[in-house]
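Asks: So in my numbering the end of the sequence shown lands on 1287, straight run, no missing numbers.
The beta carbon of each residue, even a glycine, is placed where N, CA and C say it ideally should be.
The structure displayed is predicted, hence computed values, not measured ones.
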Amino acid sequence: MAGATQQTYPLSRAVELLATHDVLVSAPDGIGDLTIAFATDDSRAACPQTLFVCKGAAFKRDYLLGAIEAGAVAYVSETDYEVDVPCILVSDIRLTLGLLADLAYDHPSGRLQVCAFTGTKGKTTCAYYLKSVLDECERAAGGQPAGLFSSIEFDDGVDSGISKLTTPESFQLQRQLANAADSGKRYVVMEASSQALKYQRTACIGFSVGAFINIGEDHISPIEHPTFEDYFASKLKLFSQCRTAVVNLEMDHVDRVLDAASTCERVITYAVADERADVCATALAHTDRGVVATVRTPRFTRDILIATPVKFNVSNALGVIACAEALGIDEEAIVHGFERLRVPGRMELYPSASGAIVGVVDYAHNGMSLQTMLCDLRENYPDRELAVVFGATGGKGVDRRETMGEAAGKYADRIVITEDDPGPEDPADICRAIADAVEAQGNHNWQIVLDRPEAIRTCVRETTRPAVVIVSGKGHETRQLRADGPEPCEADGVLLERALKVWGQTPNFH
C-alpha cells in the first residue's frame, strides 16, 4: 500500500489557521489564491506547489533556495529570507509545524482512537502492553492490529522500522497517523515524550486517552529541560488534548497531575495498593511465569497474569487496564492480551538452565528507574545476590551518573560499571564518575570493565551463589553511540544469554 497523500487547499486556509492560533505575524496580500498540494520542512522532499517550512537552529538559506528550485510556491518562517516567493512570517515555528502538518494530512487523528503515555519511566512498556490488549480485541473482531509509535520501533500499517525519536517530528508523525487511518486501523498507541509535548510535535492530535504514569527527575540539562518545572509542565500539556485522562494515584505530585487532568471529559485513576482508585490490584502473587494480580475495575474483578518479576510493571499494567476501560475493551481481550505480550529489552527474563541465576535485561537508564527495579528485585528475591551491569550516556543527562551510581551503591551487592553510548565523552571518565557515586554509598564491591560484552561476561562469570544478574541501560539496542557516530553492537539479551550458557557449563557453585 502506498503511503498517505496530502490534501490540496488554498494557501489562504493555512494563513487563516496560523492567525487563529495567534502565531501569524504577517502574510503578503494577494497570495490567498495560491494552491498548496504539499507541505514539508524537508527541502529534499519539495515538489511543485509546495509550502515549505523553515525550521531549526541550523537552518540555512540554501535549503529554502533548494525547495524553491524544486517547486515551492511559498514559505513559512520566523525570518524573512528575501527570496522571490511569498514569505509567511510566524512567531512560533514549532507550533506552526504541528498546525501545518495536521492540515496537510487532513487531521488524521480524527479518524483514529489515539492513546498516548507520558511519564519518566515505563512509557514503552505501557505502549507494548496496551498494543497487545488492543491487538487481541481486534483479532477477535477481525480488525487491524493497533499502530505503534514507540521509542523502540514504529508500525503504522504502511511503514515500519526502528524509531529515531520517541515521538517523531510533526510531519512524520501526522503522516504515520494518516497511514494508520488509511490502512484501516482503529487504534494507535504512542509514547508522548516531554520534548515532543514541549515543542508542539503533537499539536492538533486529538487523544482518545492520555495516561500520565509517573514523574521523576530526568532529562534535566541545558539541551533538554533546564529545570524540573519545565520538564513537568511539558508533560502536563498532554491533558489539554485528551478526552479521557488516566492517572496513577501513587505517583509523586499526583494532586497537580489530577488538577491538570480535570480539564478532560473523564478521569480514570489506578493504583497498585490504593483501593480508592478506579482500577487497582486487590492481591498479588509471584509465580514462575510472572505476577498474578487480582485486578478490580469498574466493570469486573479478575486474576490477570503479568509476565514480569517486578511490582512497578504491575503498576504499568494497571495503567494499561485503565486505558482499556476508557476505550471499552472487552474483559477477555484484556486478560488474553496480557498473556501474549512481549516488550523488547524491558524486564526480559533470561534464567540459567539450572535456575541458579535469573538474568534480567532492562532499559532502565536513569537513577529513578534503576532504583525502582533494584528495590523490587530485592523484595522479590530476598535470598539472592543482586549483581548489576550498567553505564551512563555521554553528552546528555549528566546527572544520571550520580543518580544511577547512588541507586546501585545502595541496593546492589555487586556492580560492574561499563560503557553505554558514551558519545563525545571518554567512557572511562563517565565510569569513574559513576564509581565515585557508588563509593559515596559505602559500597566497595564494584569494578570498571569498559568493554560492554566483557562486562556482562565478567558479571556472570564471577557469580558464586544464587543470584539475579541485571544488565541495564541499552535493552534491545544494537548500536553503541561513540564520538565518531554509531557503531554496531550485539543486544544485551544476546550477550547475557550467551554468557549464562557458558557459565552453566562450568558453574562456580553447586
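Please state if the CB of THR1195 and the CB of LEU1154 are separated by a distance shorter than 8 angstroms.
Replies: One-based indexing of the sequence shown puts residue 1154 at position 377. One-based indexing of the sequence shown puts residue 1195 at position 418. The answer is no: Cβ separation not under 8 angstroms.
Asks: Quick one: Cα of PHE1077 to Cα of ALA1054, how far?
Replies: As a working note, residue 1077 is residue 300 in the sequence shown. As a working note, residue 1054 is residue 277 in the sequence shown. Approximately 14 angstroms, taken between the alpha carbons.
Asks: Hey, would you say VAL802 sits closer than 8 angstroms to VAL853, going by beta carbons?
Replies: Position 25 of the sequence shown holds residue 802. Position 76 of the sequence shown holds residue 853. No, they are not a contact pair.
Asks: Under the criterion of a Cβ to heavy atom distance below 7 angstroms, does TYR882 qualify as lining the ligand NAD?
Replies: By its list of ligands, the structure shown contains no ligand whatsoever, and the ligand NAD lies outside what it can speak to.
Asks: With DSSP as the reference, label HIS1287 as helix, strand or coil.
Replies: Here residue 1287 refers to the residue found at position 510 of the sequence shown. Summary for HIS1287: the model assigns pLDDT 46, below 50, so the residue's position carries little reliability, and this model does not support an answer.
Asks: In the DSSP assignment, the alpha helix (DSSP H) including GLY875 goes from what residue to what residue?
Replies: For the purposes of this step, residue 875 is taken as residue 98 along the sequence shown, with counting starting at 1. Unbroken alpha helix (DSSP H) run through GLY875: 870-881.
Asks: Kindly indicate which residue of HIS1221, VAL1193, ARG1259 and ARG1242 has the alpha-carbon position closest to the one of PRO1230.
Replies: Here the question's residue 1230 lines up with position 453 in the sequence shown. Of the candidates HIS1221, VAL1193, ARG1259 and ARG1242, the one whose C-alpha sits nearest the C-alpha of PRO1230 is VAL1193.
Asks: Please classify SER1039: does DSSP put it in a helix, a strand, or coil?
Replies: The residue you call residue 1039 lines up with position 262 of the sequence shown. Note: SER1039 maps to coil in three-state DSSP.
Asks: Tell me which residues share the same chain as LEU1118 and place their Cβ nearer than 7 angstroms to its Cβ, disregarding the 5 neighbours each side in the sequence.
Replies: Within the sequence shown, numbered from 1, the residue matching residue 1118 stands at position 341. The answer, listed in chain order, is TYR905, TYR906, SER909 and ALA1084.
Asks: For GLN951, which residues does DSSP report across the bridge?
Replies: As a working note, residue 951 is residue 174 in the sequence shown. Answer is none; GLN951 lacks a bridge partner.
Asks: With a 10 Å radius around its C-beta and 16 neighbouring C-beta atoms as the bar for buried, classify THR943 as buried or exposed.
Replies: Working through the sequence shown from its first residue, we reach residue 943 at position 166. Its Cβ being crowded by 16 or more others within 10 Å, THR943 is buried.
Asks: Between the C-alpha atoms of PRO1204 and ILE1211, what's the straight-line distance to the nearest angstrom?
Replies: Locating residue 1204 in the sequence shown gives position 427, where the first residue counts as 1. Locating residue 1211 in the sequence shown gives position 434, where the first residue counts as 1. Cα-Cα distance, rounded: 11 angstroms.
Asks: Mind checking who HIS1221 pairs with in its DSSP beta bridge?
Replies: Start at 1 with the first residue of the sequence shown, and residue 1221 comes out as number 444. HIS1221 pairs with nothing; no bridge assigned.
Asks: Is the beta carbon of VAL1023 closer than 8 angstroms to that of CYS914?
Replies: For the purposes of this step, residue 914 is taken as residue 137 along the sequence shown, with counting starting at 1. For the purposes of this step, residue 1023 is taken as residue 246 along the sequence shown, with counting starting at 1. No.
Asks: Have a look at GLY924, ILE929, SER947 and PHE1005 and flag the residue whose alpha-carbon is nearest the alpha-carbon of ASP936.
Replies: As a first step, residue 936 is located in the sequence shown; it is residue number 159 there, counting from the start. Checking every option, the nearest Cα to that of ASP936 belongs to GLY924.
Asks: Helix, strand or coil, according to DSSP, for ASN1143 in the structure here?
Replies: Within the sequence shown, numbered from 1, the residue matching residue 1143 stands at position 366. DSSP places ASN1143 in coil when its eight states are reduced to three.
Asks: Taking the C-alpha atoms as reference points, what is the distance between PRO922 and ILE845?
Replies: Against the sequence shown, residue 922 aligns to sequence position 145. Against the sequence shown, residue 845 aligns to sequence position 68. Rounded to whole angstroms, PRO922 to ILE845 spans 40 angstroms at the Cα level.
Asks: Rounded to the nearest angstrom, what separates ARG1161 and GLU1102 at their Cα positions?
Replies: By 1-based counting over the sequence shown, the position of residue 1161 is 384. By 1-based counting over the sequence shown, the position of residue 1102 is 325. Approximately 38 angstroms, taken between the alpha carbons.
Asks: Let me check understanding here. Comparing Cα to Cα, which of ARG1238, GLU946 and VAL966 lies closest to ASP932?
Replies: As a working mapping, residue 932 is identified with position 155 in the sequence shown. Cα-wise, what sits closest to ASP932 is VAL966.
Asks: Three or more C-beta pairs under 8 angstroms: does that hold for the region 1128-1144 against the region 1270-1278?
Replies: Yes, since at least three Cβ pairs between the region 1128-1144 and the region 1270-1278 fall closer than 8 angstroms, the two stretches touch.
Asks: In the structure shown, what three-state DSSP assignment does ASP1190 receive?
Replies: Your numbering for residue 1190 matches position 413 in the sequence shown. In the structure shown, ASP1190 sits in coil (DSSP, three-state: anything other than H, G, I, E or B).
Asks: Taking the beta strand (DSSP E) that GLN826 falls in, what are its first and last residues?
Replies: As a working mapping, residue 826 is identified with position 49 in the sequence shown. Premise fails: GLN826 is in no beta strand (DSSP E) and is neither H nor E.
Asks: DSSP three-state label for PHE815, please.
Replies: Along the sequence shown, read from residue 1 onward, the residue named residue 815 stands at position 38. Three-state result, PHE815: strand.
Asks: Keeping to the same chain, check which residues put their C-beta closer than 6 angstroms to that of ALA1164; ignore five residues upstream and five downstream.
Replies: Within the sequence shown, the letter at position 387 stands for residue 1164. So the list reads ARG1191, CYS1236, ALA1244 and VAL1246, once near-sequence residues are dropped.
Asks: Using only alpha-carbon positions, find the residue among THR979, LYS962, CYS824 and TRP1223 that is nearest to PRO945.
Replies: Position 168 of the sequence shown holds residue 945. That would be THR979, whose Cα lies nearest to the Cα of PRO945.
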